[in-house]
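Peer 1: Protein sequence lines correspond, in order, to chains A and B. The first sequence begins at 1 in the working numbering and counts up one residue at a time. The second sequence begins at 72 in the working numbering and counts up one residue at a time.
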Amino acid sequence: MNELRAGLADIFEVEPSAITSETALTDLGWDSLAMVSTIALFDELFGKPINIDKLKNCETVADLESMAEEA
Amino acid sequence: MTETAANDMGLSRLSGARIAGVVACVPERAVGNDDLIARFGDQVAQVTRMTGVQSRHIARQDETTADLCSIAATTLLDRMAVDRASIDVVIFASQTPDHRLPATACLLQARLGLGTHVAAFDINLGCSAYPYALWLGTMMIAGGSARRVLLLVGDTISKIINPDDRATAMLFGDCGTATLLDAEEGAQATFVLGTDGSGGRNLIVPTGAFRRDFQRHPANTNPDDTLFMEGGEIFNFTLAIVPSLVDRLVQGSGLAIEDFDLFLFHQANAFMIKHLAKKAKLALEKVPLNIDRFGNTSSATIPLLLATDCRDALTNGRSAMVAMLGFGVGYSWGGCATRVGPLDVAELVTA
């Protein structure tokens, strides 16, 4: 999970400490470009495709983390 | 045809494929000439004397050529008990596709439950479509690229008819067909194909594509008329397909990945290409990117790379082992591995 947070920090260009489970994605600048970067991150970390509809419904970092657990 | 002598026409003789079965599908609704009298009166009899058309089948508003071809194909494949996985190529030949893009053949691949190894594409021809489709399919089989080709040929011209134009409204009917071409040694076919585009304006639907009178038909921004892209889904598709496309192409070429000098990826998106190159462990200097200067030019990205960034590597006596990889709308993908160069011409010009 640390890798996921580190990757998200890279994507959103914030300090890793700014990424917690409760962090709202909209506060980080969650848009279609960030989503594509997140798909690449999941591919890199887990080598599996992710469900785009689910990804779109993610609101917090915790939501992404639970998708990562499924991956 | 104007002044072209018959012996100027392209002739080819091919062998190795036979027509194994044909099914045609017409819409349920038949429109007889009686139904047209209200609109055209006495002209119906007059026109009929000339055209001979007494009745025609007309598609419902929500029924397209693809629907008719799909029913024809399902019937054909079921009657012949054809294993769907044995079909190698699907060609949809029509002037009335479902959308401007993607190619209708791609949608029909999925509808008909055919394998994803299928090569599927459209050809935009009307009256001459069938001989062209047979020629293409026969060539593919004769050349060893395919054993079994499904030709889906048809039109729903009723959708582009002006109901008040007596020259066309009483003439056309709708139909979709399916033809199966099978490899068979010794089967022969002779083709004559020709073109004279100077007559293009005499049988034409002027708008609906991209050359138009912008005074009368301004470009529109209606979302149904403009390109929609679900970027995340497309990226997911690329991640799923492109790495194995690269592997299969390299393996199929009998070469090692290090033997390739250039990997020309369709310039979809720089981030995506870099990710794919990293994933496939390709040296970045072998993966040229010119999307920064030209954007994603769709079907043109790979030849544009050849004419620009790869020019020095492919001209003045130089050549390179090249892998070309196209993927996207359809979804459809294709790869080609070949030695390219020295090219006689590689040049970028401005219109």
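Backbone N, C-alpha and C fix where the C-beta goes; we use that ideal spot for every residue, glycine too. The structure presented is a predicted model; accordingly, all values stated were derived computationally and were not measured.
Which of the residues in the region 292-317 of chain B, read from start to end, lie with their CB under 8 Å from any CB of chain A?
Peer 2: Answer in chain order: Glu301, Gly302, Gly303, Glu304, Phe306, Asn307, Leu310 and Ala311.
Peer 1: Could you check if B/Asn293 belongs to the surroundings of the ligand ADP, using beta carbon to heavy atom distance under 7 Å?
Peer 2: The ligand ADP is not part of the structure shown, which contains no ligands of any sort.
Peer 1: Closer than 8 Å, Cβ to any Cβ of chain B: which residues of the region 42-68 of chain A, in chain order?
Peer 2: Cβ contacts with chain B: Asp43, Glu44, Pro49, Ile50, Ile52, Leu55 and Lys56.
Peer 1: For B/Ala191, which residues in the same chain have their Cβ closer than 6 Å to its Cβ, ignoring the five residues on either side in sequence?
Peer 2: Taken in chain order, the residues that qualify are Val161, Ala176, Cys177 and Gln180.
Peer 1: Could you spell out where the beta strand (DSSP E) holding B/Gln259 opens and where it closes?
Peer 2: Its beta strand (DSSP E) spans residues Cys246 to Leu264.
Peer 1: Does the beta carbon of A/Ala71 come closer than 8 Å to any beta carbon on chain B?
Peer 2: No, no contact with chain B.
Peer 1: Quick check on this structure: which residue in B/Val189, B/Ile108, B/Leu335 and B/Glu304 has the alpha carbon closest to the alpha carbon of B/Thr372?
Peer 2: The option with the nearest alpha carbon to B/Thr372 is B/Leu335.
Peer 1: What residue ranges within the region 90-148 of chain B form continuous alpha helix (DSSP H) runs of no fewer than 4 residues, ordered along the chain?
Peer 2: Fully enclosed alpha helix (DSSP H) runs of 4 or longer: 108-111 and 114-122.
Peer 1: Report the CB separation of B/Ala408 from B/Leu316 in whole angstroms; it is logged as a contact under 8 Å.
Peer 2: Actually they are not in contact, since the Cβ atoms of B/Ala408 and B/Leu316 sit about 11 Å apart, beyond 8 Å.
Peer 1: Whose CA, out of B/Ser126, B/Ile142 and B/Thr209, lies closest to the CA of B/Arg182?
Peer 2: For B/Arg182, the nearest C-alpha among the options comes from B/Ile142.
Peer 1: Within 10 Å of its beta-carbon, does A/Asn16 have 16 or more other beta-carbons around it, so buried, or fewer, so exposed?
Peer 2: The sequence given here has Pro at residue 16 of chain A, not Asn. Counting Cβ neighbours within 10 Å, A/Pro16 comes out exposed, since fewer than 16 surround it.
Peer 1: Less than 8 Å between CB atoms is the rule here; does A/Ala6 satisfy it with respect to chain B?
Peer 2: No, its Cβ sits nowhere closer than 8 Å to a Cβ of chain B.
Peer 1: Measure the CB-CB distance between B/Leu252 and B/Thr209 and report whether it falls below 8 Å.
Peer 2: Their beta carbons are under 8 Å apart, which means B/Leu252 touches B/Thr209 by this criterion.
Peer 1: With a threshold of 8 Å between beta-carbons, can B/His337 be considered close to chain A, or not?
Peer 2: No, B/His337 does not count as interfacial toward chain A.
Peer 1: Counting only beta-carbon separations shorter than 8 Å, does B/Phe398 have a partner in chain A?
Peer 2: Judged by the 8 Å Cβ criterion, B/Phe398 is not in contact with chain A.
Peer 1: Identify whether B/Asp193 lies in helix, strand or coil by the three-state DSSP scheme.
Peer 2: B/Asp193: strand per DSSP, three-state reduction.
Peer 1: Could you please give the first and the last residue of the uninterrupted beta strand (DSSP E) stretch that includes B/Ile162?
Peer 2: Where B/Ile162 is concerned, the enclosing beta strand (DSSP E) stretches over Val160 to Ala164.
Peer 1: Any beta carbon of chain B sitting closer than 8 Å to that of A/Val36?
Peer 2: Taking Cβ atoms only, chain B reaches closer than 8 Å to A/Val36, which makes this a yes.
Peer 1: With a Cβ-Cβ cutoff of 8 Å, do B/Gln166 and B/Asp226 count as a contact?
Peer 2: In this structure, B/Asp226 lies closer than 8 Å to B/Gln166 by Cβ.
Peer 1: Tell me, please, whether the CB atom of B/His346 is closer than 8 Å to any CB atom in chain A?
Peer 2: So yes, B/His346 belongs to the interface.
Peer 1: Could you tell me whether the Cβ of A/Ile39 comes closer than 8 Å to any Cβ of chain B?
Peer 2: Yes - at least one Cβ of chain B is within 8 Å of the one on A/Ile39.
Peer 1: Taking 8 Å as the cut-off, decide whether the C-beta atoms of B/Pro234 and B/Arg110 are in contact.
Peer 2: Yes. Within cutoff.
Peer 1: In the DSSP output, which residue or residues are listed as bridge partners for B/Arg219?
Peer 2: Answer is B/Asp253, bridged to B/Arg219.
Peer 1: What is the rounded straight-line gap between the Cα of B/Phe262 and the Cα of B/Gly186?
Peer 2: Those two C-alpha atoms are separated by around 30 Å.
Peer 1: Tell me, please, whether the region 41-58 of chain A touches the region 300-315 of chain B by the rule of three or more beta-carbon pairs shorter than 8 Å.
Peer 2: Enough Cβ pairs lie closer than 8 Å, so yes.
Peer 1: Okay, do the region 374-393 of chain B and the region 328-345 of chain B touch, 3+ Cβ pairs below 8 Å being the bar?
Peer 2: Yes, they touch.
Peer 1: Using 10 angstroms around the beta-carbon of B/Arg410, count the other beta-carbons present and answer buried if the total reaches 16, otherwise exposed.
Peer 2: The residue in question, B/Arg410, is exposed, as its Cβ has fewer than 16 Cβ neighbours within 10 Å.
Peer 1: When you compare only the Cα positions, how much space is there between B/Ala137 and B/Thr248?
Peer 2: Each residue's Cα considered, the two are about 9 Å apart.
Peer 1: Opposite A/Thr60 in the DSSP bridges: which residues?
Peer 2: A/Thr60 is bridged to A/Ala24.
Peer 1: Step through the CB atoms of chain A and report whether any lies within less than 8 Å of the CB of B/Phe342.
Peer 2: Yes, contact with chain A.
Peer 1: Using the Cα positions of B/Ala144 and B/Gly197, report the straight-line distance between them to the nearest angstrom.
Peer 2: If you take the alpha carbons of B/Ala144 and B/Gly197, they lie about 19 Å apart.
Peer 1: Alpha carbon to alpha carbon, what distance is there between A/Ile50 and B/Tyr203?
Peer 2: Each residue's alpha carbon lies about 42 Å from the other.
Peer 1: Provide the residue(s) that pair with B/Ala408 in DSSP beta bridges, ordered along the chain.
Peer 2: Beta-bridge pairing links B/Ala408 to B/Ala394.
Peer 1: Below 9 Å on C-beta distance, what does A/Ser17 contact in chain B?
Peer 2: Near A/Ser17 there are no residues of chain B at all, since even the closest Cβ is about 26 Å away, more than 9 Å.
Peer 1: Out of A/Glu69, A/Glu70, A/Met67 and A/Glu59, state which residue places its alpha-carbon closest to the alpha-carbon of A/Glu22.
Peer 2: Looking at the Cα atoms, A/Glu59 is the closest of the given residues.
Peer 1: Does any C-beta atom of chain A lie closer than 8 Å to the C-beta of B/Met72?
Peer 2: Unreliable positioning characterises B/Met72 in this predicted model, as indicated by a pLDDT of 39, which lies under 50. A coordinate reading is not provided.
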